[in-house]
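Numbering (this note's numbering), first residue to last: 2 to 149.
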Amino acid sequence: MLFPEELKRSFGFLIHDVSRLMRISFDRHARAIGLTRAQWRVLAHLSRNEGVKQSELADILEIKPITLARLLERLSADNWVERRLDPNDKRARRLFLTEKAKPILSELRKVALAVRREALDGLSEHDQDKLIEQLRLVKTNLLKAGDI
């Protein structure tokens, strides 16, 4: 059993708490843009994977296809995302950002950089780089260990 003092140094708890606090901070900074966290997450991943099928994007986002379909309906209605028929599979849809969405991605990147600066305040550039590399190693180790 972990005691409160041990929890403060628990790797898993710290990673979870940092992730949660960064999401909260991002939401606070991004509130003015007018997108929900789920919506900006779809746009951010779609910007890296334009032309992807809906089912593939759901896998990338680790959400259920029906959940993504609802998000895409709203994003499409607001002209952020365009769903096009797949020329090779009439049942599938391919996803693309609209011209309206592209400038907002620049704003979201600015928000992400502000959150990063806020989170890493007090760490030297060398320590920031070292932290990132160490987290990448942890990620690699987990991917290898779990055959993910």
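C-beta: ideal position from N, C-alpha, C; glycine also.
Taking 8 Å as the limit between beta carbons, can you name the residues of its chain near residue i, skipping five residues before and five after?
i: methionine 23; result: Val116 and Ala120
i: glutamine 129; result: Leu121
i: leucine 132; result: Leu121 and Leu124
Straight-line CA distance for residue i to residue j?
i: arginine 71; j: proline 104; result: 23 Å
i: serine 125; j: alanine 102; result: 34 Å
i: leucine 98; j: glutamate 6; result: 47 Å
i: valine 139; j: aspartate 18; result: 17 Å
i: glutamate 45; j: leucine 8; result: For clarity, residue 45 is alanine in the given sequence; the question names glutamate instead. Whole-angstrom Cα-Cα distance: 33 Å.
i: glutamine 40; j: leucine 106; result: 12 Å
i: leucine 144; j: arginine 110; result: 27 Å
i: phenylalanine 14; j: glycine 123; result: 21 Å
i: serine 26; j: arginine 95; result: 32 Å
i: glycine 52; j: alanine 78; result: 18 Å
Cutting at 6 Å between CB atoms, please list the residues of its own chain near residue i, excluding the five before and the five after it.
i: arginine 10; result: none
Note down, in chain order, each residue of its chain lying with its Cβ closer than 7 Å to the Cβ of residue i, except the 5 sequence neighbours on either side.
i: proline 66; result: Gln55, Ser56 and Ala59
For my contact list, residue i and residue j are in at a C-beta cut-off of 8 Å; report their separation, rounded to the angstrom.
i: arginine 42; j: leucine 62; result: 7 Å
Could you tell me whether the region 21 to 36 touches the region 59 to 71, using the rule of 3 or more Cβ pairs below 8 Å? Touching, no, given that fewer than three Cβ pairs across the two stretches are closer than 8 Å.
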